[in-house]
Amino acid sequence: MLGLRRLAPVLAVSLALVLAPGVAATADGGVATEHYASHPLHVRPGVSTTPTGLSPSTIKAAYNFPTGATAGAGTTIAIVDAYDDPNIEADLGVFSSQFGLPSCTTANGCFSKVDQTGGTNYPRTDSGWAMEISLDVQWAHAIAPGARILLVEAGSTSFTNLLAAEDYAAGHAQYVSDSWGGSEFSGESAYDPHFTHNGVSFFVSSGDSGTPAAYPSASPNVISVGGTTLNFTSTGAFSSETGWSGSGGGCSAYETATPTQSGFSQYPQVNCATKRATPDVSLDADPASGVSVYDSVLYQGQSGWWTVGGTSAAAPMWAARSADTGAVVDTGYVYGKSITYRDITAGNNGASCLPGLDLVTGRGSWIG
64 MLGLRRLAPV
74 LAVSLALVLA
84 PGVAATADGG
94 VATEHYASHP
104 LHVRPGVSTT
114 PTGLSPSTIK
124 AAYNFPTGAT
134 AGAGTTIAIV
144 DAYDDPNIEA
154 DLGVFSSQFG
164 LPSCTTANGC
174 FSKVDQTGGT
184 NYPRTDSGWA
194 MEISLDVQWA
204 HAIAPGARIL
214 LVEAGSTSFT
224 NLLAAEDYAA
234 GHAQYVSDSW
244 GGSEFSGESA
254 YDPHFTHNGV
264 SFFVSSGDSG
274 TPAAYPSASP
284 NVISVGGTTL
294 NFTSTGAFSS
304 ETGWSGSGGG
314 CSAYETATPT
324 QSGFSQYPQV
334 NCATKRATPD
344 VSLDADPASG
354 VSVYDSVLYQ
364 GQSGWWTVGG
374 TSAAAPMWAA
384 RSADTGAVVD
394 TGYVYGKSIT
404 YRDITAGNNG
414 ASCLPGLDLV
424 TGRGSWIG
């Protein structure tokens, strides 16, 4: 089971040594500290020839999401991940056929894949990131089947490469989903401008290790997406939603709260003072209520249908649900009155779910 690994930054080294990929020389002849990201992905053991996780129709029924085949039409959702999934278009086709979704291909203009600069010099394949890509692309398409999907593949997990991919994505899509992150670090705010682009909404998974907050989830320029557990009766009917114990969240050590979030001072139990609180919102992420993903790239030596969870699932679904509206879904939108939330008041990730706003599920899940 893969979780969010909090990777330490690479230490500065002498220029007499060969610089590792992604470590940038500074103007004064030193070496800049590089940071690396991981993807908060949880794959339940066991592969199958048929879907074993939740289906798009089940997720849409639990949240009362739009069910039309053209939801999201006229928009583009960019998925930013590291490394290459060489089979993603074919696997998306299997997923779409299985669940009766519209075809999304390069030929019909729905799907496109580029490297971090918009070219076709794709990076090497990585099985874990290929699973992440399958999850992100398939579930963005599931929730917004009318939207175009742009997959931007960073050359590695370095922030240098991932943020280059982010910049390309922001210039070519209205909604950007990021299922990656790492520990907060001093100076992280210098990266925040990468998540600012006129008319673009950014969604970042909050992590799968509970508290504390992670980056770039903690950037005030993004919508931080936490995780929940969907609960069902013995007959398969949706019964309730609770906070997931793995949902990343907490008060940022370095970032300041946005004015719209600060307006929620009527919820002093969050107690982040002037600091940014994460997450802002949430959706299903517990692998126990994980979603169905098809992946033909060998993962742990096997391929087929998997059940996958993590806030890696919640972030692309939030991006896609936002694409269904066609609106810019920023902090003003999220903390305003445009969204109807299911307030999650049960559950714990090191902090407790509470009425109104908390460090497990934020404002709650989007319904309707």
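Position in the sequence shown (first residue = 1) + 63 = the numbering used here.
Don't be surprised by glycine CBs; every beta carbon is placed ideally from N, CA and C.
None of these values were measured; they are calculated from a predicted model.
Cα separation between residue i and residue j?
i	j	result
Arg339	Ala236	26 Å
Leu104	Gly367	17 Å
Ser287	Tyr278	10 Å
Gly85	Ser246	Note that Gly85 scores 36 on pLDDT, short of 50, meaning its location in the model is unreliable and no value can be drawn from it.
Ser359	Asn150	7 Å
Gly313	Trp381	20 Å
Ile196	Ile142	8 Å
Lys509	Phe174	For residue 509 there is no data in the structure shown, the boundaries of the chain being 64 and 431.
Val356	Leu226	26 Å
Tyr404	Trp202	20 Å
Tyr185	Gln332	46 Å
Gly289	Tyr398	15 Å
Asp189	Ser315	31 Å
Thr296	Pro350	17 Å
Pro418	Ala320	20 Å
Ser268	Asp148	20 Å
Asn261	Gln365	42 Å
Pro342	Gly431	20 Å
Can you tell which of the options has its C-alpha closest to the C-alpha of residue i?
i	options	result
Tyr146	Ala100, Ala409, Ser297	Ala100
Gly425	Asp393, Ser310, Leu155	Ser310
Leu420	Pro379, Val360, Cys335	Cys335
Gly427	Val344, Arg187, Gly410	Val344
Gly299	Lys400, Pro322, Asp347, Ser352	Ser352
Ser249	Ile430, Leu422, Pro418, Thr96	Thr96
Gly234	Thr139, His102, Ser375, Ser166	Thr139
Asp406	Gly399, Trp429, Arg384	Trp429
Val371	Gly163, Val157, Glu152, Asp199	Asp199
Ser280	Gln161, Asp241, Asn261	Asp241
Pro379	Thr180, Tyr317, Ala228, Ile212	Ile212
Val110	Val354, Pro331, Thr319	Val354
Gly181	Asn224, Ser325, Asp154	Asn224
Ala383	Ser166, Gly137, Gly373	Gly137
Met194	Gly389, Ser221, Phe327, Arg107	Arg107
Ser219	His98, Gly389, Thr341, Ser375	His98
With respect to 7 Å, is the separation between the Cβ of residue i and the closest non-hydrogen atom of the ligand ATP below this value?
i	result
Pro279	The ligand ATP is not part of the structure shown, which contains no ligands of any sort.
For residue i, collect the residues of the same chain with a Cβ closer than 6 Å to its Cβ; drop the 5 residues on either side in sequence, then sort them by chain order.
i	result
Asn294	Ser302, Ser303
Gly413	Gly273, Thr274
Pro129	Asp387
Gly92	For Gly92, the predicted structure reports a pLDDT of 33, less than 50, and the residue's modelled location is therefore unreliable. A value from the coordinates is still provided. Within the same chain, Gly92 has no close Cβ partners at all.
Thr112	Gly367
Ala228	Val143, Gln179, Val215, Ala217
Any beta carbon from chain B within less than 8 Å of residue i's own beta carbon?
i	result
Leu417	Among the chains in the structure shown there is no chain B, since it carries only a single protein chain.
Using C-beta distances below 7 Å, list every residue in its chain close to residue i, excluding the 5 sequence neighbours before and after it, in chain order.
i	result
Asn284	Asp255, Phe258, Thr259, Phe265
Asp393	Ser264
Gly306	Thr291, Ile407, Ala409, Gly410, Asn411, Asn412, Cys416, Val423, Thr424
Asp230	His257
Ser252	Tyr317, Glu318
Looking only at its chain, what residues have a beta carbon closer than 8 Å to the beta carbon of residue i, apart from the 5 residues adjacent to it on each side?
i	result
Gly395	Thr323
Gly191	Leu65, His102, Leu104, Tyr362
Asp153	Here residue 153 turns out to be Ala, not Asp, going by the sequence shown. Only Ser359 meet the Cβ criterion.
(request) Would you check if the segment 109-122 and the segment 193-209 touch, i.e. whether three or more CB-CB distances between them fall below 8 Å? (result) yes
(request) Give, in chain order, every unbroken run of the alpha helix (DSSP H) that is at least 4 residues long and sits entirely within the segment 149-192. (result) 151-161
(message) Which runs of the beta strand (DSSP E) at least 3 residues long sit entirely within the segment 203-268? Give them in chain order.
(response) 211-217, 238-241, 264-268
(message) As an exercise, report each continuous beta strand (DSSP E) stretch of at least 3 residues that is fully enclosed by the segment 299-325, in chain order.
(response) 301-306, 313-319
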